[in-house]
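Enquirer: Just so you know, the protein sequences line up as chains A and B, in that order. Everything in the first sequence is counted per this note's numbering, starting at 5 for the first residue and increasing by one. Everything in the second sequence is counted per this note's numbering, starting at 6 for the first residue and increasing by one. The C-beta atom is built at its ideal place from N, Cα and C for all residues, glycine as well.
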Amino acid sequence: MARRKSPEVNAGSMADIAFLLLIFFLVTTTIETDSGINRKLPPMEDQIDPPIIRQKNIFTVVVNKNNQLLVEEELTDIKDLRNLAVDFLDNGGGSGEEACDYCQGNRDPRSSDNPDKAIISLKNDRETEYKVYIAVQNELVAAYNVLRNREFARLYPNEALTYVEADLRYSDPRTSPDDKSSLKEKLDVIKALYPQKLSEAEPSKVN
Amino acid sequence: MAKFKKNKSGDLPAISTASLPDIVFMLLFFFMVATVMRDSTLMVQNTLPAADQVQKLDKKDRVIYIYAGKPSSRYIETYGTSAKIQLNDKFGTVEEVGAFVLAERAAKRQELQNVLTTALKVDSDTKMGIISDIKQELRKVNALKLNYTTRVGDYTQNFN
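1. Note down, in chain order, all residues in the segment 155 to 178 of chain A with a beta-carbon under 7 Å from any beta-carbon belonging to chain B.
2. Please check if any C-beta of chain A sits within less than 8 Å of the C-beta of B/Asp16.
3. Consider the Cβ of B/Gln60: report whether some Cβ of chain A lies at a distance smaller than 8 Å.
4. In chain order, what residues of the same chain have a beta carbon less than 6 Å from the beta carbon of A/Glu102, not counting five sequence neighbours either side?
5. If you reduce the DSSP assignment to three classes, tell me which class A/Thr37 lands in.
6. Taking 8 Å as the cut-off, decide whether the C-beta atoms of A/Thr80 and B/Met133 are in contact.
7. Rounded to the nearest angstrom, what separates A/Asp105 and A/Gly96 at their Cα positions?
8. Measure the C-alpha to C-alpha separation of A/Ser17 and B/Ala19 and round it to an integer number of angstroms.
9. Which residue spans inside the segment 68 to 106 of chain A form an unbroken alpha helix (DSSP H) run of at least 4?
10. Determine the DSSP secondary structure at A/Tyr160, reduced to helix, strand or coil.
11. Ignoring anything shorter than 3 residues, give me the beta strand (DSSP E) runs that lie fully in the segment 178 to 206 of chain A, in order along the chain.
12. With a cut-off of 8 Å on the beta carbons, I'd call B/Asp94 and B/Thr46 a contact; round off their distance for me.
13. Could one say the Cβ of B/Ala23 lies closer than 8 Å to chain C's Cβ atoms, at least one of them?
14. Quick check on A/Asp129: does DSSP put it in helix, strand or coil?
15. Suppose the cutoff is 6 Å on Cβ atoms and the five residues either side in sequence are ignored; what does the same chain contact list for A/Cys107 look like?
16. Report the partner residues of B/Val127 according to the DSSP bridge assignment.
17. Give, in chain order, every residue of the segment 124 to 158 of chain A whose Cβ lies closer than 8 Å to some Cβ of chain B.
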């Protein structure tokens, strides 16, 4: 009697399984790109003739070794930092040549003259924790971004973008060169309105 | 009626698996392309702080990485618990940072040497002292473009 051959295992659905896996990984994999806060360090050479800056144009932020925040000599919670910085930058208290026609601040004569003059000075202790420092940096950058977003929406309402989105689009390699050059023009205009002037003092040993 | 003759043996016809290698290769290529190789093993703890006002880092070949933080658990016995700087795959001192950056810069292609960014991947519990020292060293070698690499998230996550 002839022995019956055992039937072959059906491998036809293997492709389906492989595709399922493939699609699963395609969807779940995020190709890791690092992101972070960009900063530019000042060059080493000493300025021979440091410009004279009026005290009212400086917004001092000090973080001490206990991670406490001192903004303009006052103990402050980090939640308020963004708004305080926005108020300071957007104050526009100057008159005549120093007037700021696009500022919407309180025009307090005791605060900054115009955004171009306004400087944020950040000072930290050697014992400050890095995460607190990053949080402060984040809030200060956020303050600039708030104002830049506002101006971007005012000057280029047809773009339907915020400044931050436009900046992202600009740095995206998929954006065409034509778009890039037109975006760059607009971004530069906004950057000139609210230039990021963030100065960092060398940290103190004791505070 | 020979055309509609039933398969006498009753076996299922074998399905061709000839396309299976194609599929496997496709998977293989996908992972080859998508995988980012980590070129140095981390020897320090590296929980990055959270921030939401972030910008994307430049292409990988334009970045020099510097890690800092407390040594990982298996190095604690040898190196103690104070924060350390990791340059490539060994611990370095603050004084070595400048030389390291210059060496890395020299190893890059000529046209990239002026557009390099230094990415600081620092553990969130590190004290600012060591970071300020690194920044001073970077200024000395004129590596002024800096990126504090963070995780994307709300800043309040840093306070717990």
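Expert: Result, derived from the coordinates:
1. Ser175
2. Reading the second sequence from its first residue, position 11 is the one you call residue 16 of chain B. Chain A, which has a Cβ nearer than 8 Å to the Cβ of B/Asp16, makes this yes.
3. Walking along the second sequence from the start, residue 60 of chain B turns up at place 55. Output row for B/Gln60: interface = yes.
4. Position 98 of the first sequence, counted from the first residue, corresponds to residue 102 of chain A. Excluding positions up to five away in sequence, the list reads Asp117 and Asn118.
5. The sequence position of residue 37 of chain A within the first sequence is 33, counting from 1. Note: A/Thr37 maps to coil in three-state DSSP.
6. Your numbering for residue 80 of chain A matches position 76 in the first sequence. Your numbering for residue 133 of chain B matches position 128 in the second sequence. No, the Cβ-Cβ distance between A/Thr80 and B/Met133 is not below 8 Å.
7. As a working note, residue 105 of chain A is residue 101 in the first sequence. As a working note, residue 96 of chain A is residue 92 in the first sequence. The alpha-carbon atoms of A/Asp105 and A/Gly96 are separated by roughly 8 Å.
8. Counting from 1 along the first sequence, the entry for residue 17 of chain A is found at position 13. Counting from 1 along the second sequence, the entry for residue 19 of chain B is found at position 14. Cα to Cα, A/Ser17 sits roughly 12 Å from B/Ala19.
9. 82 to 93
10. Within the first sequence, the letter at position 156 stands for residue 160 of chain A. In the structure shown, A/Tyr160 sits in coil (DSSP, three-state: anything other than H, G, I, E or B).
11. 202 to 204
12. Here residue 94 of chain B refers to the residue found at position 89 when the second sequence is read from its first residue. Here residue 46 of chain B refers to the residue found at position 41 when the second sequence is read from its first residue. That pair is a contact at about 6 Å.
13. Of the chains in the structure shown, none is chain C; the protein chains are A and B.
14. Residue mapping note: residue 129 of chain A aligns to position 125 of the first sequence, counting from 1. Strand.
15. One-based indexing of the first sequence puts residue 107 of chain A at position 103. Around A/Cys107: Asp94 and Gly96.
16. The sequence position of residue 127 of chain B within the second sequence is 122, counting from 1. In DSSP, B/Val127 forms a bridge with B/Ala73.
17. Asn128, Asp129, Arg130, Glu131, Thr132, Glu133, Tyr134, Lys135, Val136, Tyr137, Ile138, Ala139, Gln141, Asn142, Glu143, Val145, Ala146 and Asn149
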